[in-house]
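Here's the structure we're looking at; comments come further down.
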Amino acid sequence: MSFTPSSEPMRPAAGKPVVRPISAADHLAFVRAQRSVSFLQTPAWARVKTEWRSESLGWFEGRRLIGAGLVLHRPVPRLDRYTLAYLPEGPVIDWSGDIGAWLDPLAAHLKPRGAFAIRLGPPVRTDTWSAAQVKEGISGPDIRRLTDLPGQGSDPVGARVSSRLKDAGWLPQNPLDGFGVGHPQFKYEVPLAGKTEDELLKGMNQQWRRNIKKAAKEGVEVTAGDGSPQDLKAFHDLYVHTAERDHFTPRPLRYFETMFAALSAEDPERIKLYLAHHQGDLVAATILVRVGAHAVYAYGASATAKREVRGSNACQWAMIRDSLAAGCDVYDLRGITPTLDADDPHVGLVQFKVGTGGQATRYVGEWDLPLRPMVYRVFDLYMRRRGR
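Residues in the sequence shown are numbered consecutively from -17, following my numbering.
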């Protein structure tokens, strides 16, 4: 059956839209018609998360496709007939409208097909804080968290979505420190729309500007490529080194090979690998993912040696410039914790990102709707025991 993809998610004219599976090609056509979509809601992401079963779903009003979502089905240990239906940073619908009109048909579709719960992450902001506010909060003795500061701006849509999800029985899954197994509720973003390179540089703090100039003076060269086997291996070696130094568990090389293959096949401009070299040595490497007007700093790595040549800043500036040139609205540095306590080890990450001059942003976060409460309780207990 043919259909017409909407250029933007639309409100249903009357009643509730119908949810049914769509092909990856139809899903991609809808994504391409949108101004901004998370790369986690592209059909290609299903080919990255191969350990989960996946499907693309569409919301239809008649023959018109007005919304879409990628669903990842996560099985429950020892209860293989049931799955958690997960829509990371999605679905792509009109979140300013009647939430029930969108989500009730989703639940009606998924429950008969074995879903014991739905987890989703509305791509909707609730609050923002300027770089100046965050910096002042870190230096202030009485401020411990972002939420202790008055928001620079509050989004009424985000507040309404949170309220309506709660009223409809959805359960928030946002950890207190902002980080968990799911995707982050607090992010750091640099608005790009209407800006010039000079304006973006002026918006950065003095240390960032100095580091960018330092990298250029030292002869750091940044190249952007499509992730050749040789370059990906070089990135991964540096990434493993970074993981050992900073005490996190690295993903295997195969994961990045799959990621580049899947996302590049969907769009040759979707994912880029940036490598910063100094006198032949790889000193920093980053991965940028872009869907429409949304550019995301997805992964980064840096050498312990030669940190004084500021390869990481050089990579970031190259990605910001390329995102601006591509017409992006935002450069997304992904997750931060909401801590502003100077004694918290996580505050260093916040300070690094604040230097870009952007803004801290809180999103609605991830929410669960139990469809089979008993199975959901078993799952929740299992996740609690393994520390989520």
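Ideal placement from N, C-alpha and C gives every residue a C-beta, glycine not left out. Values in this document were obtained by computation on a predicted structure and should not be read as measured data.
Beta-carbon proximity check, residue i vs residue j, cutoff 7 Å
{"i": "Leu235", "j": "His218", "result": "yes"}
{"i": "Leu85", "j": "Val1", "result": "no"}
{"i": "Asp415", "j": "Leu153", "result": "Residue 415 cannot be examined here, being either before or after the span of the chain that is shown, -17 to 370."}
{"i": "Gln189", "j": "Gly337", "result": "yes"}
{"i": "Phe361", "j": "Val143", "result": "no"}
{"i": "Arg292", "j": "Lys196", "result": "yes"}
{"i": "Val346", "j": "Pro104", "result": "yes"}
{"i": "Arg35", "j": "Leu66", "result": "no"}
{"i": "Glu33", "j": "Gln155", "result": "no"}
{"i": "Val204", "j": "Ala114", "result": "no"}
{"i": "Glu43", "j": "Pro94", "result": "no"}
{"i": "Thr240", "j": "Val30", "result": "yes"}
Contact set for residue i: own chain, Cβ-Cβ below 6 Å, skip 5 residues either direction
{"i": "Ser(-16)", "result": "Unreliable placement is indicated for Ser(-16), whose pLDDT of 41 sits below 50; the coordinate value is still reported in the next sentence. Hits under 6 Å: none found."}
{"i": "Ser18", "result": "Gly274, Ala275 and His276"}
{"i": "Pro(-13)", "result": "Confidence in Pro(-13) is poor, its pLDDT being 48 and thus under 50, which makes the residue's placement unreliable; the coordinate value appears in the next sentence. Excluding positions up to five away in sequence, the list reads Ala11, Phe12, Ala15 and Leu47."}
{"i": "Ala206", "result": "Lys254 and Tyr256"}
{"i": "Phe168", "result": "Gly160, Ile318, Pro320 and Arg344"}
{"i": "Val37", "result": "Per the sequence shown, residue 37 should be read as Glu rather than Val. Hits under 6 Å: Pro3 and Val53."}
{"i": "Ala282", "result": "At residue 282 the sequence reads Gly, which differs from the Ala that was named. Here the set comprises Thr268."}
{"i": "Ser78", "result": "Val139"}
{"i": "Ala280", "result": "Ile269 and Val271"}
Residue i (DSSP reduced to helix, strand or coil)
{"i": "Trp349", "result": "strand"}
{"i": "Lys(-2)", "result": "coil"}
{"i": "Ala50", "result": "strand"}
{"i": "Val312", "result": "strand"}
{"i": "Gln16", "result": "coil"}
{"i": "Leu88", "result": "helix"}
{"i": "Arg29", "result": "helix"}
{"i": "Ser5", "result": "coil"}
{"i": "Gln155", "result": "coil"}
{"i": "Gly135", "result": "strand"}
{"i": "Pro70", "result": "coil"}
{"i": "Lys288", "result": "coil"}
{"i": "Leu322", "result": "coil"}
{"i": "Arg366", "result": "helix"}
{"i": "Arg146", "result": "helix"}
8 Å Cβ shell around residue i - same chain, five flanking residues per side excluded
{"i": "Lys288", "result": "His260, Asp263 and Val265"}
{"i": "Asp311", "result": "Arg17, Ser18, Pro173, Leu174, Ala175, Ala275 and His276"}
{"i": "Pro250", "result": "Asp208"}
{"i": "Lys148", "result": "Pro154"}
{"i": "His165", "result": "Leu22, Pro70, Glu71, Gly103, Gly317 and Glu348"}
Where the beta strand (DSSP E) containing residue i begins and where it ends
{"i": "Ala266", "result": "Asp263 to Val273"}
{"i": "Pro173", "result": "Phe168 to Pro173"}
{"i": "Glu43", "result": "Arg35 to Glu43"}
{"i": "Lys215", "result": "From DSSP, Lys215 is part of no beta strand (DSSP E) but of the alpha helix (DSSP H) over Pro211 to Asp228."}
{"i": "Ala258", "result": "Ile253 to His260"}
First through last residue of the alpha helix (DSSP H) which encompasses residue i
{"i": "Glu179", "result": "Glu179 to Gly185"}
{"i": "Glu239", "result": "Leu235 to Glu248"}
{"i": "Glu118", "result": "Ala113 to Ser121"}
{"i": "Gly207", "result": "It is not in any alpha helix (DSSP H) - Gly207 instead sits in the beta strand (DSSP E) that spans Glu203 to Gly207."}
{"i": "Ala97", "result": "Ala97 -> not in any alpha helix (DSSP H); beta strand (DSSP E) instead, spanning Ala97 to Leu102."}
{"i": "Ser305", "result": "Gly293 to Ala307"}
{"i": "Gln23", "result": "No alpha helix (DSSP H) holds Gln23; DSSP gives it neither H nor E."}
{"i": "Ile125", "result": "Unbroken run through Ile125: none, as it is neither H nor E."}
{"i": "Lys93", "result": "Taken as a continuous stretch (DSSP letters only), Lys93 belongs to no alpha helix (DSSP H), as it is neither H nor E."}
{"i": "Gly330", "result": "Val329 to Val336"}
Residue environment, residue i, which counts as buried when at least 16 other CB atoms sit within 10 Å
{"i": "Ala90", "result": "exposed"}
{"i": "Phe242", "result": "buried"}
{"i": "Leu363", "result": "exposed"}
{"i": "Gln212", "result": "exposed"}
{"i": "Arg192", "result": "exposed"}
{"i": "Pro355", "result": "exposed"}
{"i": "His9", "result": "buried"}
{"i": "Glu248", "result": "buried"}
{"i": "Ser305", "result": "buried"}
Beta-carbon contacts of residue i that lie in its chain and below 7 Å, excluding the five residues immediately before and after
{"i": "Arg127", "result": "Pro320, Thr321 and Leu322"}
{"i": "Ile125", "result": "Gly119, Leu131 and Leu322"}
{"i": "Trp27", "result": "Phe21 and Leu52"}
{"i": "Ser112", "result": "Gln134 and Gln341"}
{"i": "Lys335", "result": "Tyr170, Leu315 and Ile318"}
{"i": "Thr129", "result": "Pro320"}
{"i": "Asn187", "result": "Gly337 and Gly339"}
{"i": "Pro(-9)", "result": "Ile48, Gly49, Val74, Ile75 and Asp76"}
Near the ligand SAM: residue i beta-carbon under 6 Å from a heavy atom
{"i": "Val346", "result": "In the structure shown, the ligand SAM is absent, as is every other ligand, since no ligand is present at all."}
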